[in-house]
Amino acid sequence: MNQEKKLRYGIWDRIAVRILRGAEEEMKYKDDLWVPAAYTIEASLIISISLLLIAGGILLSFEVFRAGAESVRSIAGQFRGRSPSEAADRFRLARAAADVIGNLRGK
C-alpha cells in the first residue's frame, strides 16, 4: 500500500506534502518567534562590531603610514643640499647612534 502511494503521487506532490507538514510543525511553535529574531539581532551585532574593527584597523594603518612618511621626510630633509660624502657621514653617524641606543635598551 505504501509503495502504491509513492508510485501514485509525483515528486511535486511529495514535496508539497513535506512543505505543509513543515508549516504545521512551525505553527506549533508560533509563540517562540522571538528565537529567530534574537539570532538575527545577534548576527547583525556581530557583523556591525566586525565592520567597526575593520574600519579601525584601516584608520590605524593610515595613521602608521602617515607617521612613517613624516619620519622619512624628516630624514630626507637632513640630507638635502649636502655633498654625497657629508650625507654618507651623517647616515653612518645616525646608524651608529641607533645601534648604541639599541644596545643600551638591550635589543
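In the working numbering, the protein residues as written are 23 to 129. Yeah, the Cβ is synthetic: ideal placement off N, Cα and C, and Gly gets one too. Note that the structure is predicted; figures quoted are calculated from it, not measured.
Leaving out five residues on either side along the sequence, give the residues of the same chain with a beta carbon under 7 Å from the beta carbon of residue i.
i	result
Ile123	none
Would you give the residue range spanned by the alpha helix (DSSP H) that residue i belongs to?
i	result
Ser107	106-127
Could you pull out every residue in the same chain whose Cβ sits closer than 6 Å to the Cβ of residue i, ignoring the five residues on either side in sequence?
i	result
Pro58	none
Asn125	none
| Can we say the region 71-82 touches the region 91-111, given the rule of at least three CB pairs closer than 8 Å? | The region 71-82 vs the region 91-111: no contact.
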